[in-house]
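Trainee: Just so you know, we're using the numbering used here here: the sequence shown kicks off at 480 and counts up by one. Built from N, CA and C at the ideal position, the CB exists for glycine as well.
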Amino acid sequence: MIVLEKRQHPSLWMGYLSPLLSIALTFVVAAMVVGAMGKDPLRVLSLFTLEPLNGKRAIGEVMLKATPLILCSLGLAFCFRSNVWNIGAEGQFLLGAIGAGGMAMWLTETGLTEPGWLWVTQALLLGALAGAAWAAITAWLRDRAHANEILVSLMLVYVANLLLSYLVFGPWKDPKGWNFPQTLRFAGSLSIARLGAGMRVHWGFVVAVISAGIMVWIMYFTALGARLRVGGLAPGAARFAGFSSRESLWTVLLCSGAFAGLAGAMEVLGPMGQLTPHVSTGYGFTAIIVAFVARLHPLACVLASFLLSMMMIGGELAQSRVGLPASVSSMFQGVLLMMLLTFDSLIQYRIRWRGRPSKELAKHA
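(1) Over the uninterrupted beta strand (DSSP E) stretch that includes ILE456, give me the two end residues.
(2) According to DSSP, is GLU746 helix, strand or coil?
(3) Roughly how many angstroms separate the alpha carbons of LEU840 and LEU819, rounded to a whole number?
(4) What residue range is occupied by the uninterrupted beta strand (DSSP E) comprising LEU483?
(5) Beta carbon of ILE629: closer than 7 Å to some heavy atom of the ligand GTP?
(6) Measure how close the beta-carbons of LEU586 and TRP598 come, nearest whole angstrom, since I'm counting them as under 8 Å.
(7) Under the assumption that VAL647 contacts THR662 (Cβ atoms under 8 Å), give the Cβ distance between them as a whole number of angstroms.
(8) According to DSSP, simplified to helix, strand and coil, what is ARG679?
(9) What does the alpha-carbon distance come out to for the pair TYR495 and ILE826?
(10) Apart from the five residues on each side of it in sequence, which residues of its chain come closer than 7 Å, Cβ to Cβ, to PHE506?
(11) Using CA coordinates, which residue listed in VAL731, VAL541 and ALA666 is at the minimum distance from GLN753?
(12) Indicate the three-state DSSP secondary structure (helix, strand or coil) for ARG673 in the structure shown.
(13) Does DSSP classify ASP652 as helix, strand or coil?
(14) Hey, LEU548 and LEU643: beta-carbon distance below 8 Å or not?
(15) Among ALA576, ILE693 and GLY683, which one has its Cα closest to the Cα of ASN640?
(16) Within the same chain, show all residues whose beta-carbon is closer than 8 Å to that of VAL801, passing over the 5 residues directly before and after it, in chain order.
(17) So, for LEU728: in the same chain, excluding its five sequence neighbours on each side, which residues have a beta-carbon less than 7 Å away from its beta-carbon?
(18) Do ALA614 and SER723 come within 8 Å of each other at the CB atom, strictly closer than that value?
(19) Is it buried or exposed, MET493, if we count other Cβ atoms within 10 angstroms and call 16 or more buried?
(20) May I ask you to report which of helix, strand or coil DSSP gives HIS566?
(21) Leaving out the 5 sequence neighbours to the left and right, which residues in its chain are closer than 6 Å to PHE684 when beta-carbon positions are compared?
(22) At a cut of 8 Å, does the segment 807–817 reach the segment 754–770 through at least three beta carbon pairs?
(23) Helix or strand or just coil, what does DSSP make of VAL758?
(24) Please tell me whether LEU741 and GLY606 are closer than 8 Å, where the distance is taken between their beta carbons.
(25) Could you check which residue in SER668, GLY794 and GLU795 has the C-alpha nearest to that of GLU593?
(26) Closer than 8 Å by C-beta to ARG708: which residues in its own chain qualify, once you throw out the five before and the five after it? Chain order, please.
(27) Near ALA509, which residues of its chain fall below 6 Å by C-beta distance, leaving aside the five closest residues on each side in sequence?
(28) Give the secondary structure of ALA579 by DSSP, where H, G and I count as helix, E and B as strand, and everything else as coil.
(29) With THR701 as the anchor, note down where its alpha helix (DSSP H) starts and where it stops.
(30) Please classify GLY677 as buried or exposed, where buried requires at least 16 other C-beta atoms within 10 Å of its C-beta.
(31) Use the C-beta contact count for MET790: other C-beta atoms within 10 angstroms, 16 or more gives buried, fewer gives exposed.
(32) Indicate whether LEU778 and ALA691 have their beta-carbon atoms separated by less than 8 Å.
(33) Give a yes or no on whether the C-beta atoms belonging to VAL731 and PHE557 are separated by under 8 Å.
(34) Tell me whether PHE738 is buried or exposed, calling it buried when 16 or more other Cβ atoms sit within 10 Å of its Cβ.
(35) List the endpoints of the continuous alpha helix (DSSP H) containing SER561.
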């Protein structure tokens, strides 16, 4: 009989090395799967690791996709550190996109587009508030009705998706858009300024990196961060010390929702310039993997976001150049998460083989 035995002293070094080992094994599994599909593994792996960094424009695309991942993963890491399991960053992302997109659409229709920087700032703030408000539903149900935040936040993703579809197929649909489910194009002054010529990455990337630095300060150098971390590691000790679990719940969920909503607002005011049903490519769900690969550390979230961004771009390149299915990127992300969870389990537990007890011992037991 195979049993898992708790380790008395889990390896600290393996805790840091497990993300690297998980990444390496993910690429090994990916090569085996690609080879079984009749494709050249080296060619496909180069599309995932080298091509996304081939030139200034390619690096800009990696930074562009990393921006929402950084913001969403920062909020999720904040939640997970406090033992609050927010799985609904995708829905909060969509509500942020709806909030900012709706404001940009109204400003474009009324002609109130100047000064652009002022309206863009307010639209981003509205997106963050919309994401926080969506997360507040989960916080309220957990606080008042003791509902499971995992299920509530996850189900709200589908509600947000349906709300977005209703708007772009219905009242917000562009009458001059050839019947496509999309809003009108926002005015040029209502877009976030780009970092450089020939690149689509915008100043939102800088905001995301600065936010990671701010989160480090909050989590490790403030009393609030200490209370939240203690509450996550030892809820009993936190209650004994007088820390409020309700305060922690509301704080982390509202912050997480605000980060995800800000990411959604940046997406519609940045590269898209309008609201469509495909405003997100699963950023909120991918950010969960980012947070765990980063070991819930804000600065590591930046590096992990680059890795997952390269995987997303590599999947698109593999689809167009090699003919792999569109889901191959999601498959690699899933393998990475499974590898990481496996290593984490083996760090905390060791596998033991125990023979079946004899009939005599079973009789006396």
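Mentor: Judging by the given coordinates:
(1) There is simply no residue 456 to check, as the chain begins at 480 and stops at 844 in what is shown.
(2) helix
(3) Only weak support exists for where LEU840 lies, its pLDDT of 48 falling under 50; the value from the coordinates is given anyway. So the alpha carbons of these two residues sit roughly 39 Å apart.
(4) 481–485
(5) Because no ligand of any kind appears in the structure shown, any question about the ligand GTP cannot be addressed here.
(6) 6 Å
(7) 6 Å
(8) coil
(9) 11 Å
(10) LEU524
(11) ALA666
(12) strand
(13) Asp is not the amino acid found at residue 652; the sequence shown has Lys there. Note: LYS652 maps to coil in three-state DSSP.
(14) no
(15) ALA576
(16) LYS518, ASP519, ARG522, VAL523 and LEU526
(17) VAL563, ALA618, ARG621 and ASP622
(18) no
(19) exposed
(20) Checking the sequence, you will find Ile at residue 566 rather than His. Residue state, collapsed to three classes: coil.
(21) MET542 and THR546
(22) yes
(23) coil
(24) yes
(25) SER668
(26) ARG560, SER561 and MET698
(27) PHE811
(28) helix
(29) That residue, THR701, is in no alpha helix (DSSP H); it is neither H nor E in DSSP.
(30) exposed
(31) buried
(32) yes
(33) yes
(34) buried
(35) Where SER561 is concerned, there is no enclosing alpha helix (DSSP H), given that its DSSP letter is neither H nor E.
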